[in-house]
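Reviewing the structure listed below.
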Amino acid sequence: MHRFAALFLLLGLIPGAAQATQQGIVAAKKWQSMDECAKLAQAAFPDSTPEALAKRDATLNDCLAKRNLPPRAPLAPPAPPARN
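Letter by letter, the sequence shown follows residues 96 to 179 of the working numbering.
In structure tokens:
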């Protein structure tokens, strides 16, 4: 009889453990929004030239800033140092 009680207790606890927390839901929505910005920037500038990557970075950062999200690391290589 104790086995059945333990089984019912265990089955009753599993659904509660599988529920997402409020913080997890908020984080997932932010990541989804960040991915949408990345897709929009990729569609606007699909080339892999340094100029297109720089424009894509600017578009991505503008979209993230409008949605109050943190910026991502740049994709474009750093500009070479100026020669005198």
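Note that the Cβ used here is the ideal one computed from N, Cα and C, for glycine as well.
- Under the DSSP assignment, D157 falls in the alpha helix (DSSP H) whose first and last residues are P145 to K161.
- In the DSSP assignment, A174 falls outside any alpha helix (DSSP H), carrying neither H nor E.
- When secondary structure is reduced to three states using DSSP, D142 falls in the coil class, being assigned neither helix nor strand.
- With fewer than 16 other beta carbons inside 10 angstroms of its own, R162 counts as exposed.
- Here R151 is buried: its Cβ has 16 or more other Cβ atoms, across all protein chains shown, within 10 Å.
- The three-state reading of DSSP puts Q114 in coil, since its state is none of H, G, I, E or B.
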